[in-house]
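*Asks:* Numbering (my numbering) for the sequence shown: 107 to 337.
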Amino acid sequence: MIDLSHIEKIYDSPSGPVRAIKDISLHINRGEIYGIIGLSGAGKSTLVRCINLLERPTSGKVTVDGQDITAMSESQLRQARKSIGMIFQHFNLLSSATVYENVAFPLRLVNTPKEKIDKKVTELLELVGLADKANQYPSQLSGGQKQRVGIARALASEPKILLCDEATSALDPQTTKAILQLIRDINAKLKLTVVVITHEMQVIKDICDKVAVIDKGVIAEKGKVLDVFTN
Ligand code: ADP
Ligand code: ADP
107 MIDLSHIEKI
117 YDSPSGPVRA
127 IKDISLHINR
137 GEIYGIIGLS
147 GAGKSTLVRC
157 INLLERPTSG
167 KVTVDGQDIT
177 AMSESQLRQA
187 RKSIGMIFQH
197 FNLLSSATVY
207 ENVAFPLRLV
217 NTPKEKIDKK
227 VTELLELVGL
237 ADKANQYPSQ
247 LSGGQKQRVG
257 IARALASEPK
267 ILLCDEATSA
277 LDPQTTKAIL
287 QLIRDINAKL
297 KLTVVVITHE
307 MQVIKDICDK
317 VAVIDKGVIA
327 EKGKVLDVFT
337 N
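#1: With respect to 6 Å, is the separation between the Cβ of Val319 and the closest non-hydrogen atom of ligand 1 below this value?
#2: Could you tell me the distance, in whole angstroms, from the CA atom of Ile157 to the CA atom of His112?
#3: Report back the beta-carbon spacing between Leu132 and His305 to the nearest angstrom; my notes put them in contact at under 8 Å.
#4: Taking Gly166 as the reference, which of Pro244, Ile127, Ile320, Asp321 has the closest Cα?
#5: Assuming Gly149 contacts Ile267 (C-beta within less than 8 Å), just tell me the rounded distance between them.
#6: Determine whether the beta carbon atoms of Ile130 and Leu110 lie at a separation below 7 Å.
#7: Are Val227 and Tyr206 closer than 7 Å when you measure CB to CB?
#8: Using only Cβ atoms and a threshold of 5 Å, which residues come within that distance of a heavy atom of ligand 1? Order them by chain position.
#9: Is Asp271 helix, strand or coil when you go by DSSP?
#10: At the level of alpha carbons, what is the spacing between Gln287 and Val317?
#11: List the DSSP bridge partners of Ile193.
#12: Any chance you could list the beta strand (DSSP E) runs of at least 3 consecutive residues sitting entirely within the segment 116-200, in chain order?
#13: Have a look at Arg162 and Ala262 and give me their C-alpha separation to the nearest angstrom.
#14: Spatial neighbours of Asp271 within its chain, please: CB distance less than 6 Å, with the 5 preceding and 5 following residues excluded, ordered by chain position.
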């Protein structure tokens, strides 16, 4: 589903070039929950932006769902981005819009007919357990509920990949467990490929099948979670 082959990313900065990621190769299978863990500065955000097609690697090849991203035009990239849903640490909800409108937002952007939006949003709010919160505003919700809205919104355009960028880092341990359980349920139910970026080992242990440990821009270790984290 996702294939990174020898990717490298070099940023220009006033103090000279910064090699944020050096030689990363990763293969993520369809339906897998794949964790990427590393300390701050390890290169996780850069890697995320290469996977969600917001950044082109300086060298190497990125293939998502059989398409060679590195060779695409901007308009092809915009199209391909629709197959990737993202959730974030700080949820990134629209504060002046209701839960319903937040989830409907990506559908409105592509002029989806109203009836179809209604059906989809209702279905998604049910999936994430927020059917009764449709008319509330983000400020009226708990952190866990906000992330549920984020998940529903990410799924609205029926992506094949769900990219979770520190998605539980702002939540308490109990809420984290519940959100991870929801992500696991969605992975099973919708056969989504899930990529989990985190600095927390427990998150990886809780839901990931496989993991890559990144350190200073390179993969220090990768494999099945049980193999990597037992010794
Ligand atoms: P992480 O998400 O793991 O904290 P990042 O990918 O944000 O890591 O950063 C990796 C390295 O690349 C860091 O040294 C960071 O300072 C550098 N870096 C990230 N983005 C840029 C940029 N736009 N310009 C210059 N350096 C950057
Ligand atoms: P995080 O690791 O939590 O994503 P960072 O503080 O590493 O946050 O990065 C926040 C933003 O700043 C990112 O978009 C990243 O690309 C950019 N950035 C990080 N380091 C640098 C840097 N040295 N120079 C320029 N931009 C940077």
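All C-beta atoms in this analysis are idealised placements derived from N, C-alpha and C, irrespective of residue type, glycine included.
*Replies:* Answer, in terms of the structure:
#1: Incorrect: Val319 has no Cβ contact closer than 6 Å to ligand 1.
#2: Inter-residue distance for Ile157 and His112 is about 13 Å (C-alpha atoms, whole angstroms).
#3: Not really, about 18 Å apart at Cβ, beyond 8 Å.
#4: Relative to Gly166, the option among Pro244, Ile127, Ile320, Asp321 whose CA is nearest is Ile127.
#5: About 20 Å; that fails the 8 Å criterion.
#6: Yes, the Cβ-Cβ distance between Ile130 and Leu110 is below 7 Å.
#7: Result yes, Cβ atoms of Val227 and Tyr206 sit closer than 7 Å.
#8: With 5 Å as the limit between CB and the heavy atoms of ligand 1, the residues that fall short of it are Tyr117, Ser119, Val124, Ala126, Ser146, Gly147, Ala148, Gly149, Lys150, Ser151, Thr152.
#9: Looking at Asp271 - three-state DSSP - the assignment turns out to be strand.
#10: Rounded to whole angstroms, Gln287 to Val317 spans 18 Å at the Cα level.
#11: Paired residue(s): Cys270.
#12: Listed in chain order, they are 124-134, 139-143, 165-170, 190-194.
#13: Between Arg162 and Ala262, the C-alpha separation is close to 26 Å.
#14: Within the same chain, Asp271 has close Cβ partners Val154, Phe194, Ile303.
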